[in-house]
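Worksheet: one structure, shown below.
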Amino acid sequence: MSVGILVLAAGRATRFGADKRLAELPGGRRVIDTLLDKVRASGLPFAVCLGVNDNHIADQLREENIQYIQCERADEGMGGTLAEASGHIPDWSGVIVALADMPWIAPATYLEVAAQLSANRICVPAREGRRGHPVGFGSDFYLELRSLGGDTGARHLLKKHAKHVVELPVNDAAIHWDIDFPSDLKGILAT
């Protein structure tokens, strides 16, 4: 089964107060670069979803030969971005949705989620009884992904298709670590 990763990186980061994708993590790497390092290290094909005005990041991705999609619906929120990007999925039979504000997820976690996918499965990593990211969707769910909107993403699909959800136990604490505020850039690593 061919599985790829859609990196959702079109958000405006209103709670953060600036473009958190470009914020520096301890060690000097930017959030977006750290995430792309991890995704690239998984060996899975991937595409980055940007907003239409994210030309500075698009230029960087183009220079690095990284596929990207500039989503006109990004202003709707995560659901709009995911819906539009889902219409551009290559010939992948499964897609893993990665969030740009979760840069510490281990490459092995992406591979573990990919290994559990099939056309009629949704795979959610979990640690210590709590679900996290990234979430994988088999191709049977593409049509519903394309009909999303707003800022809720695909969360409701996990409830609607609960019998198709595989909860995958992982050791990666980063499945719960996202960046909402500048203090999160350091606080997570101190955990």
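No gaps in the numbering here: position 126 of the sequence shown is 122 in my numbering, and each next residue is one more. Note that the Cβ used here is the ideal one computed from N, Cα and C, for glycine as well. Predicted model only: the values in this text are computed from it and were never measured.
Whole-number beta carbon distance between residue j and residue i, since they are thought to touch under 8 angstroms
{"i": "glycine 132", "j": "alanine 110", "result": "6 angstroms"}
{"i": "alanine 79", "j": "leucine 4", "result": "That belief does not hold up - the Cβ atoms of alanine 79 and leucine 4 are roughly 11 angstroms apart, past 8 angstroms."}
{"i": "proline 112", "j": "valine 48", "result": "For clarity, residue 112 is glutamine in the given sequence; the question names proline instead. Contact flag wrong, Cβ pair sits at about 34 angstroms."}
{"i": "aspartate 147", "j": "phenylalanine 12", "result": "With a Cβ gap of about 15 angstroms, aspartate 147 and phenylalanine 12 do not count as contacting."}
{"i": "aspartate 174", "j": "methionine 98", "result": "5 angstroms"}
Residue i - partner residues in DSSP beta bridges
{"i": "tyrosine 64", "result": "Val44"}
{"i": "arginine 26", "result": "Glu20"}
{"i": "alanine 6", "result": "DSSP output for alanine 6 lists no bridge partner at all."}
{"i": "isoleucine 53", "result": "Paired residue(s): none; isoleucine 53 is not in a bridge."}
{"i": "leucine 95", "result": "Leu4"}
{"i": "glutamate 163", "result": "Val120"}
{"i": "glycine 146", "result": "Glycine 146 pairs with nothing; no bridge assigned."}
{"i": "phenylalanine 133", "result": "Val91 and Ile118"}
Close-in-space but distant-in-sequence residues of the same chain around residue i (CB under 8 angstroms, 5 per side omitted)
{"i": "serine -2", "result": "Pro41, Asp87, Trp88, Ser89 and Gly90"}
{"i": "arginine 123", "result": "Pro165, Val166, Asn167, Asp168, Ala169, Ile171 and His172"}
{"i": "alanine 54", "result": "Leu46, Tyr64 and Gln66"}
{"i": "leucine 141", "result": "Leu78, Ala79, Ser82, Val91, Phe133, Ala150 and Leu153"}
Under 9 angstroms between C-beta atoms of residue i and residue j
{"i": "glycine 75", "j": "glycine 149", "result": "yes"}
{"i": "histidine 129", "j": "isoleucine 101", "result": "yes"}
{"i": "leucine 144", "j": "serine 82", "result": "yes"}
{"i": "isoleucine 1", "j": "isoleucine 62", "result": "no"}
{"i": "aspartate 50", "j": "alanine 6", "result": "yes"}
{"i": "alanine 70", "j": "proline 178", "result": "no"}
{"i": "alanine 96", "j": "arginine 36", "result": "no"}
Close beta carbons around residue i, own chain, < 6 angstroms, minus the five adjacent residues each side
{"i": "threonine 187", "result": "Residue confidence for threonine 187 is low, a pLDDT of 43 falling below 50, so the modelled location carries little weight; the figure read from the coordinates is stated next. Result list for threonine 187: empty, nothing under 6 angstroms."}
{"i": "histidine 160", "result": "Asn116, Arg117 and Ile118"}
{"i": "arginine 127", "result": "Val120"}
Sequence-distant residues of its chain with Cβ nearer than 7 angstroms to residue i (five each side left out)
{"i": "leucine 57", "result": "Val44 and Tyr64"}
{"i": "alanine 158", "result": "none"}
{"i": "tyrosine 138", "result": "Ser82 and Ile85"}
{"i": "glutamate 72", "result": "Gly145 and Gly146"}
{"i": "aspartate 136", "result": "Ala115 and Asn116"}
* Specify whether the stretch 114 to 121 and the stretch 26 to 45 touch according to this definition: at least 3 beta carbon pairs, one from each stretch, less than 8 angstroms apart. => no
* Is the stretch 139 to 153 touching the stretch 99 to 110, taking contact as three or more C-beta pairs under 8 angstroms? -> Short answer: they don't touch.
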